[in-house]
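J.: Everything in the sequence shown is counted per the numbering used here, starting at 940 for the first residue and increasing by one.
Just so it is clear, CB atoms sit at the ideal spot from N, CA and C, and this is done for glycine as well.
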Amino acid sequence: MTPKALAKCAKCETKAKTMCLGCSHAPEYQSGDSRVVFYCSHKCQIMDWPKHKAYCKNMQRRKLLFRAALILKAAMLAYRETVYDVDLTKIEYRDGVLYLHQNQRPVSSLSKRGPFPNHITDNIDHKEAALLKSQSTAAMSLLGPLTRKLLGGVPLKIETMVVNIGRPRVPTRLVPGPDLYGGPHAVLKIERMERNETWIIDTTGCQYGFRDVLVPFAKYFIDNECRILDGPRVYDACETKELDYLSTLHIFNKTKAQRQDMRLERLTRHHFAVFVYMSVHDNFLVDSGASYKRKIDRFVNELKTHMVDSMRKAGDNFEDSEDD
């Protein structure tokens, strides 16, 4: 076995063990353009800063974008894990397709809203696919305020676009239910204003078997055989944007149960937005590796607790208004 090569100091090329934490572990835009830079001492790091500065700042901006993408997906998963509205009975992976078996309800009945049935699967990829099935448009609305909070201080052009996924890794289908393979899928298009870089943030791509939430634009389209169906458009969504549109369509408001579901979803979305407003502040994405992980774990756990409480309050408020 060939011994692992020792890192060399970027300044003096002697053996080094200390990496630059500012630019380490940034995502690649092109193959090999993100590297770990090592120094043998703090003195060498200071001396090398004039040369290293531009690269380090570039990688730091990429890391902020990557962290934001991960938080957006984590927030969407936490929301759906506590506000799940599918009566799921079984998850089955067969012949390259993930089947989500459900008890399909009539439009005259209220949806079952509550925690995700974790006993159905211990496969995290299957669980995430089930949580985010057919949720890309909802995610664009729900995550709008959070996206602007996280990336407000970064020079970016943020747009939303609707694409067709021509080659999913693992298609996910509801049984019974319409086969929406080849249907619209909403993603974010991110242009870094100071760099010639364009990225895709796909917070719900796990329903197609996609693991990465932040992908270079060209790579995303080539690998997934995508074509644009609509957009790109300015991303200015509030947490209830698509609900505001759906509420104008008769097909989604024909029955009392549909109107009740719409109202309850709107209330829980507002509670989510309140949590974002209270919990996400300037420099939320900036921290060391270990401290940042603890911060995000705390954020997700507190969000779940908040949403469970909001579900109860929304139900109580709804019942009180019905009595009136």
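Using a threshold of 8 Å, state whether the C-beta atoms of residue 1036 and residue 1246 are closer than that.
T.: Not in contact: residue 1036 and residue 1246 (Cβ atoms no closer than 8 Å).
J.: Among 994, 950 and 1243, which has the Cα closest to the Cα of residue 963?
T.: Measuring from the Cα of residue 963, the nearest candidate turns out to be 994.
J.: From what residue to what residue does the alpha helix (DSSP H) around residue 1136 run?
T.: Where residue 1136 is concerned, there is no enclosing alpha helix (DSSP H), although the beta strand (DSSP E) it sits in stretches over 1136-1140.
J.: Return the chain-ordered list of same chain residues with a C-beta closer than 6 Å to the C-beta of residue 958, the five sequence neighbours on each side being excluded.
T.: Result list for residue 958: 975 and 977, in chain order.
J.: Please classify residue 1220 as buried or exposed, where buried requires at least 16 neighbouring CB atoms within 10 angstroms.
T.: By the 10 Å Cβ count, residue 1220 comes out exposed.
J.: What is the residue span of the beta strand (DSSP E) that residue 1104 lies within?
T.: Looking at the DSSP string, residue 1104 is not in any beta strand (DSSP E), and its letter there is neither H nor E.
J.: I need the straight-line Cα distance from residue 1251 to residue 1076, nearest angstrom please.
T.: Rounded to the nearest angstrom, the two C-alpha atoms are 25 Å apart.
J.: Just to confirm the assignment: which complete beta strand (DSSP E) runs, minimum length 3, are found wholly within the segment 974-1058?
T.: Fully enclosed beta strand (DSSP E) runs of 3 or longer: 1027-1033 and 1036-1041.
J.: Have a look at 987, 1149, 972 and 968 and flag the residue whose alpha-carbon is nearest the alpha-carbon of residue 948.
T.: Taking only the C-alpha atoms, the option nearest residue 948 is 987.
J.: Straight-line CA distance for residue 1105 to residue 1166?
T.: Those two C-alpha atoms are separated by around 8 Å.
J.: Just mark residue 1063 as buried or exposed, buried being the case when its beta carbon has 16 or more other beta carbons within 10 Å.
T.: Flag for residue 1063 reads exposed.
J.: Identify which residue in 1224, 1031 and 1229 has its Cα closest to the Cα of residue 1109.
T.: Residue 1031 is the option with its Cα nearest to residue 1109.
J.: Can you tell me which of the three DSSP states residue 1083 falls into?
T.: Note: residue 1083 maps to helix in three-state DSSP.
J.: When burial is assigned at 16 or more other CB atoms within 10 Å of the CB, is residue 1058 buried or exposed?
T.: Exposed, by the Cβ-count rule.
J.: Can you name the start and end residues of the beta strand (DSSP E) that residue 1143 belongs to?
T.: Note, residue 1143: premise wrong, no beta strand (DSSP E); not H, not E.
J.: Quick check on residue 889: does DSSP put it in helix, strand or coil?
T.: No answer is possible for residue 889: it lies beyond the span of the chain, which begins at 940 and ends at 1263.
J.: May I ask you to report which of helix, strand or coil DSSP gives residue 1233?
T.: Residue 1233 falls in the helix class under three-state DSSP.
J.: Provide the residue(s) that pair with residue 1158 in DSSP beta bridges, ordered along the chain.
T.: DSSP, once it has assigned bridges, lists no residue as partnering residue 1158.
J.: Quick check: what's the CA-CA separation for residue 1148 versus residue 1195?
T.: If I take the Cα positions, the gap works out to 36 Å.
J.: What do you get for residue 1039, buried or exposed, if any count of 16 or more other CB atoms within 10 angstroms of its CB means buried?
T.: Buried: at least 16 other Cβ atoms inside 10 Å.
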